[in-house]
Amino acid sequence: MKKLIIQAFLSFMLVNIALSTFASDWHYGIRASIFWIGERAAWVGAHFSPPGTMSSWDPHWRDNYGGIDHPIQRIGYFPARFAPTENPFYVALPFNDTTSANRELTRKFVPVAWTKRNGSKCFGRWIEIRAPATGKRCFAQWMDVGPWTTDDASYVFGHSRPKAPYGIDVSPAVRDYLGIHSGDRVDWRFADEQNLPFGPWIQAKEEAIIFQAIKRKIH
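Numbered according to our numbering, the sequence shown terminates at residue 1235, and the numbering increases by one at each position without gaps.
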């Protein structure tokens, strides 16, 4: 009995190690759409885009960010009217690991080594994105779910193509850094957050932490 338990445990660990490696593979030629915190709800063809006041993991996303991350009124990589208290380099990917409907997919696909944040193992994960058309690459955090689907685990964590026409939502900061437009194709993969190269995504994250501390002190 003890031998069977050990064998089962080793098999479980090997599967998750494989998935962890699998999850760092590149996803090539993925169509990107632009989204932002605070955007209005809208229908895009037959697909509904919910309001950006909240994310799938943060019911107060806009408030926690500090306001609407306006896609046009900007200074550098930041919204023009306020200093954000969260990282402006963010994305959405089409899988939600916190819904009961996705429980089995979460168990099967999400690496066991990932720890939970905000009740989710996916929330806040760093990814690397590159734009073949411009030759640029950047890093961003997975902060919401979409576009359009919430259960596409075989794409997000595997080698399948996205179910929807678009496979990743990127923020205005990511858009501007990469020099892309909605509908352009990008490549992306999960990144090791312990070894992120320095860039505006790190600087913005650090500044957001400082602004957040100041905001808490004032209030």
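From the three backbone atoms N, C-alpha and C, an ideal C-beta is built for every residue, glycine too.
Residue range 1142-1147 is occupied by the beta strand (DSSP E) that includes E1144. If the five residues before and after Y1093 are omitted, its C-beta is found closer than 7 Å to the C-beta atoms of P1104, A1189, D1192, Y1193, P1216, A1220, all from its own chain and listed in chain order. Sequence-distant partners of G1083 (beyond 5 residues in either direction) whose C-beta falls short of 6 Å from its own C-beta, in its chain, are F1098. Going by beta carbons, V1107 and I1143 fall inside the 8 Å limit.
A distance of 8 Å or more separates the beta carbons of P1127 and T1166. In this structure, F1173 places its C-beta atom within 8 Å of the C-beta atom of F1125. For the pair T1131 and K1137, the Cα-to-Cα distance works out to about 5 Å.
Just so you know, the alpha carbons of W1073 and D1160 end up roughly 7 Å apart. For the pair I1046 and D1113, the Cα-to-Cα distance works out to about 21 Å. Only residues of its own chain outside the window of five on either side were considered, and among them G1054, W1077, R1078 have a CB closer than 7 Å to the CB of T1069, listed in chain order. With 16 or more other Cβ atoms inside 10 Å of its own Cβ, P1178 counts as buried. Burial is judged here by how many other beta carbons sit within 10 angstroms of a residue's own beta carbon; D1185 has at least 16 and is buried. Per DSSP, the unbroken beta strand (DSSP E) holding Y1044 starts and ends at 1043-1050. A residue is called buried once 16 or more other Cβ atoms fall within 10 Å of its Cβ, and E1120, having fewer, is exposed.
By the CB criterion at 8 Å, E1102 and A1207 fall outside the cutoff.
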